[in-house]
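Encoded as structure tokens, the structure appears first; notes follow it.
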Amino acid sequence: MNNFSVTTASRPQKVIASILVALYALITLMPLIWIIMTGFKSSSDAIAYPPKVIFTPSLEGYVNLFTSQTRLTSEQIATTPPPEAWYDKLVHSHQMVIVGPSRFGQRFLNSVIIGFGSTFLSVFLGTLAAYAFSRFKVPIKEDLMFFILSTRMMPPIAAAIPIFLMFRELGLSDTKLGMILLYTGVNLSLAVWLLKGFIDEIPFEYEEAALIDGYTRFQAFYKVVLPQAATGIASTAIFCLIFAWNEYAFAVLLTSGNAQTAPPFIPTIIGFGGLDWPAVAAGTTIFLIPIMIFTILLRKHLLSGITFGAVRK
Amino acid sequence: MAEIVIENLRKDYGDFTAVQSSSFKVNDGEFFMLLGPSGCGKTTTMRMIAGLEMPTSGQIYIDGEDVSGKPAAKRNIAFVFQMFALYPHMNVRNNIIYPLKCEGMSRPRIKKKLAEVSKILRIEDILNRPVGGLSGGDRQRVALGRAIVRDPKAFLMDEPLGALDVEFRERMAEELRALHDRMNATTVYVTHDQLEAMQMGDKIVVMNHGVIEQFGAPQIIYDKPVTMFVADFIGSPSMNFLRFPGKVTPHDTSVLLGNHTVEVPLQLAACEGDLVLGVRPEHITLSDNGAYRAEVLASEYLGTNQIVTLNTEHGQVKARVSANQTVNTGENVGLEFNSGQITLFEEQSEKAILSELNEGVLEDG
Numbered sequence: 001m002n003n004f005s006v007t008t009a010s011r012p013q014k015v016i017a018s019i020l021v022a023l024y025a026l027i028t029l030m031p032l033i034w035i036i037m038t039g040f041k042s043s044s045d046a047i048a049y050p051p052k053v054i055f056t057p058s059l060e061g062y063v064n065l066f067t068s069q070t071r072l073t074s075e076q077i078a079t080t081p082p083p084e085a086w087y088d089k090l091v092h093s094h095q096m097v098i099v100g101p102s103r104f105g106q107r108f109l110n111s112v113i114i115g116f117g118s119t120f121l122s123v124f125l126g127t128l129a130a131y132a133f134s135r136f137k138v139p140i141k142e143d144l145m146f147f148i149l150s151t152r153m154m155p156p157i158a159a160a161i162p163i164f165l166m167f168r169e170l171g172l173s174d175t176k177l178g179m180i181l182l183y184t185g186v187n188l189s190l191a192v193w194l195l196k197g198f199i200d201e202i203p204f205e206y207e208e209a210a211l212i213d214g215y216t217r218f219q220a221f222y223k224v225v226l227p228q229a230a231t232g233i234a235s236t237a238i239f240c241l242i243f244a245w246n247e248y249a250f251a252v253l254l255t256s257g258n259a260q261t262a263p264p265f266i267p268t269i270i271g272f273g274g275l276d277w278p279a280v281a282a283g284t285t286i287f288l289i290p291i292m293i294f295t296i297l298l299r300k301h302l303l304s305g306i307t308f309g310a311v312r313k
Numbered sequence: 314m315a316e317i318v319i320e321n322l323r324k325d326y327g328d329f330t331a332v333q334s335s336s337f338k339v340n341d342g343e344f345f346m347l348l349g350p351s352g353c354g355k356t357t358t359m360r361m362i363a364g365l366e367m368p369t370s371g372q373i374y375i376d377g378e379d380v381s382g383k384p385a386a387k388r389n390i391a392f393v394f395q396m397f398a399l400y401p402h403m404n405v406r407n408n409i410i411y412p413l414k415c416e417g418m419s420r421p422r423i424k425k426k427l428a429e430v431s432k433i434l435r436i437e438d439i440l441n442r443p444v445g446g447l448s449g450g451d452r453q454r455v456a457l458g459r460a461i462v463r464d465p466k467a468f469l470m471d472e473p474l475g476a477l478d479v480e481f482r483e484r485m486a487e488e489l490r491a492l493h494d495r496m497n498a499t500t501v502y503v504t505h506d507q508l509e510a511m512q513m514g515d516k517i518v519v520m521n522h523g524v525i526e527q528f529g530a531p532q533i534i535y536d537k538p539v540t541m542f543v544a545d546f547i548g549s550p551s552m553n554f555l556r557f558p559g560k561v562t563p564h565d566t567s568v569l570l571g572n573h574t575v576e577v578p579l580q581l582a583a584c585e586g587d588l589v590l591g592v593r594p595e596h597i598t599l600s601d602n603g604a605y606r607a608e609v610l611a612s613e614y615l616g617t618n619q620i621v622t623l624n625t626e627h628g629q630v631k632a633r634v635s636a637n638q639t640v641n642t643g644e645n646v647g648l649e650f651n652s653g654q655i656t657l658f659e660e661q662s663e664k665a666i667l668s669e670l671n672e673g674v675l676e677d678g
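So the protein sequences, as listed, match chains A and B. So for the first sequence, the working numbering puts the first residue at 1; every next one is plus one. So for the second sequence, the working numbering puts the first residue at 314; every next one is plus one.
In structure tokens, the structure reads:
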């Protein structure tokens, strides 16, 4: 106890810290691990009690997720030729046959289009607005910024009924465009506020230098300001995407066939005899992948970004 | 290179007037200092020359062309910012050639220019480094490189040495001046440091509260201040002011300071009331015979000379005397003033009273 140091920990301190971190990680990751495991279980293993931790992996859930199937009668089983592909064999063992792809692919694609579309739009509009708020003399600037913030003061779903009626009138119900606009509307205030903070941190001198070097105002913006705001743009994009990607309530309310995203679709995957838990878990696992990739790709920016430029040089 | 002429330049921000009807001329190849305390409008004036601010009224001519309404990009001038404003997402090379890329210059020519400039500034070996890790002096050189590379009509520098360490400043100031002499470039330089201005400038404009107080060569401004502000701002320690009620009439060669007659340069104007006698510390000598008596309060030894603080019946004065003269605190000494170098001011208007000393200068102002 005679050599206290802020930067170097003693051995027992390190061990305790590592145990705590590992424990926290385990608690946080438990649901995720459970879902990924369930995705590889067979239907009976998935609902077994007590829950099975050791099990024989099966791709049944993934096959069920991507295909739609129909039950065969015993005569049909006798008459159809034996299945050849592994997935055909798998469903055949349950007296089922694959009749075509499921709607999951379409729903997943909707999620990608709506999620990334609204993220792009939020960040694009947010950057322009934030730049204007940061650099120009905007009349009643403070009030406008407060108004923008105030759109976040109630949960968006509280406005569900007006939005539902408006969407019906405007013909935006169950369209991808409608969902993109809705998620952009919700995310935009966050984007403007976050990005304004980042752009405020960039000294105006850089743009002035570019102006003197012979560039136009707009060139100065996208050649000098944008590269420096990359960190802020990346972290804003992650926040926007996570919201749009995971949004459930509006997706249930406003979409059904054409524009339905994956979140409302996944829990409704019904097999024979109730919910097909392995398929639901498989859908969730696949649904996680894009956002994980996106976040990992941008995580360097995210780490420096969420400090809000406090330690930026 | 070009000459810059400023005519009746004015800048208002709402009710606040940052620059009030300034007029001056920067000759071709001159190293021109805009000097003043912070908030005096010197930076605003320069930003208007650069085109970063648009004047409320008045004209700016660069090389005979009226550029008052033109954007910065069209003026062909280079600006060195106080914090250098090097683009942080580019390396040294790209920072320097950025203006050339904008002009659409061909690659071989850009390469040649870069080689030329990096040789002048001796930065050949850091061209591929990111600007983030550079020392203050190197940043300064890169910022200068970015300015030089375009062969602009004029350089504008906004306190370029302000962000450097004291010890490095001296060297950079010399480098800047040498660079200027070699390139013979018209340079406008903003600073609040009067020593820097005196040391480097061919000509100085002293500004205060948006008004040009005086405009001229460093020696003229030092020896013949036209206002009390200039007399006080320039020089370290600054000019001594002895306030007394009195009067001068044309052809006077002395004034009555209390009970003592002090010889002054031949006066050319009449003035009566509260007057101020201004004398630089180096124009005061201590002698036992002097009729004007003072008590020594303190002495600061500076090596080659010493600054003696004295208490007189008209307030404290500082005298710069030889270092080997023995001065004891508490001693009563006589003061003698160098009569040719005294400026009288009218206290109310803070303006110098016309005399033989400042004749030509006052009329210009």
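For each residue, glycine too, the CB sits at the ideal point set by N, CA and C.
- Near chain A, meaning a CB-to-CB distance below 7 Å, the residues of the segment 392 to 403 of chain B are F392, F394, M396, A398, Y400, P401, H402.
- With respect to the 9 Å criterion, A:A130 and A:V192 are classified as neighbours on the basis of their beta carbons.
- As the crow flies, the alpha-carbon of A:T70 is around 56 Å from that of A:M145.
- Look at B:I390: its C-beta is under 9 Å from a C-beta on chain A.
- Residue range 405 to 416 is occupied by the alpha helix (DSSP H) that includes B:E416.
- Contacts between A:T127 and chain B, judged by CB atoms closer than 8 Å, are missing: the closest CB pair is about 16 Å apart.
- In the three-state scheme derived from DSSP, where H, G and I count as helix and E and B as strand, A:H301 is classed as helix.
- Sequence-distant partners of A:P83 (beyond 5 residues in either direction) whose C-beta falls short of 7 Å from its own C-beta, in its chain, are K89, H92.
- Comparing C-alpha distances from B:D328 to each of B:V318, B:T369, B:Y411 shows the shortest one belongs to B:T369.
- Proximity to B:Q654 across B:P538, B:Q527, B:G603, B:N618 peaks at B:P538, based on C-alpha coordinates.
- Its chain contains G647 as the residues whose beta carbon lies nearer than 7 Å to that of B:N602, once the 5 sequence neighbours on both sides are disregarded; these appear in chain order.
- Residues of the segment 407 to 432 of chain B whose Cβ lies closer than 8 Å to any Cβ of chain A, in chain order: Y411, P412, C415, E416.
- Of all residues in the segment 359 to 380 of chain B, those with a C-beta nearer than 7 Å to a C-beta of chain A are A363, L365, reading in chain order.
- In summary, A:W277 is buried, with 16 or more beta-carbon neighbours lying within 10 Å of its beta-carbon over all protein chains present.
- Three or more Cβ pairs closer than 8 Å define a contact, and the segment 566 to 585 of chain B falls short of that threshold against the segment 530 to 544 of chain B.
- Taken through DSSP and simplified to helix, strand or coil, B:S419 comes out as coil.
- DSSP places B:T504 within a strand segment (E or B) once states are collapsed to three.
- At a cut-off of 9 Å between C-beta atoms, A:D213 counts as an interface residue with respect to chain B.
- Listed in chain order, the positions of the segment 182 to 208 of chain A with a beta carbon within less than 8 Å of a beta carbon of chain B are P203, E205, Y206, E208.
- When DSSP states are grouped into helix, strand and coil, B:R442 belongs to the coil group.
- For B:T625, the uninterrupted beta strand (DSSP E) run begins and ends at 618 to 625, by DSSP.
- Following the DSSP letters along the chain, one finds A:R71 inside the beta strand (DSSP E) bounded by residues 67 to 71.
- For A:Q260, there are no neighbours in chain B by C-beta distance under 7 Å, as the nearest C-beta there is about 42 Å away.
- For B:M496, no beta strand (DSSP E) segment is defined; the enclosing uninterrupted segment is the alpha helix (DSSP H) at 479 to 496.
- Taking a Cβ-Cβ cut-off of 8 Å, A:V252 has no neighbours in chain B, whose nearest Cβ is about 43 Å from it.
- The segment 337 to 401 of chain B contains, as complete beta strand (DSSP E) runs of 3+ residues, the segments 344 to 348, 370 to 375, 390 to 393 (chain order).
- The beta carbon of A:T216 sits closer than 9 Å to some beta carbon of chain B.
- Per the C-alpha coordinates, the member of A:F221, A:F250, A:S122, A:L195 positioned closest to A:F204 is A:F221.
- Per the C-alpha coordinates, the member of B:A398, B:H573, B:T562, B:S381 positioned closest to B:P473 is B:A398.
- Beta-bridge pairing by DSSP links A:S18 to no other residue.
- Around B:K664, the same chain offers T540 as residues with beta carbons nearer than 6 Å, after the five sequence neighbours per side are excluded.
- For B:A385, the chain A residues whose C-beta falls within less than 7 Å of its own C-beta are L211, I212, listed in chain order.
- Look at the beta carbons and you see the segment 108 to 123 of chain A touching the segment 249 to 269 of chain A: at least three pairs across the two are nearer than 8 Å.
- Measuring C-alpha to C-alpha distances from A:R152 to each of A:N187, A:V280, A:D200 identifies A:N187 as the nearest.
- For B:V561, the enclosing beta strand (DSSP E) covers residues 553 to 561.
- Using beta-carbon distances, B:R459 counts as an interface residue toward chain A, with a partner under 9 Å.
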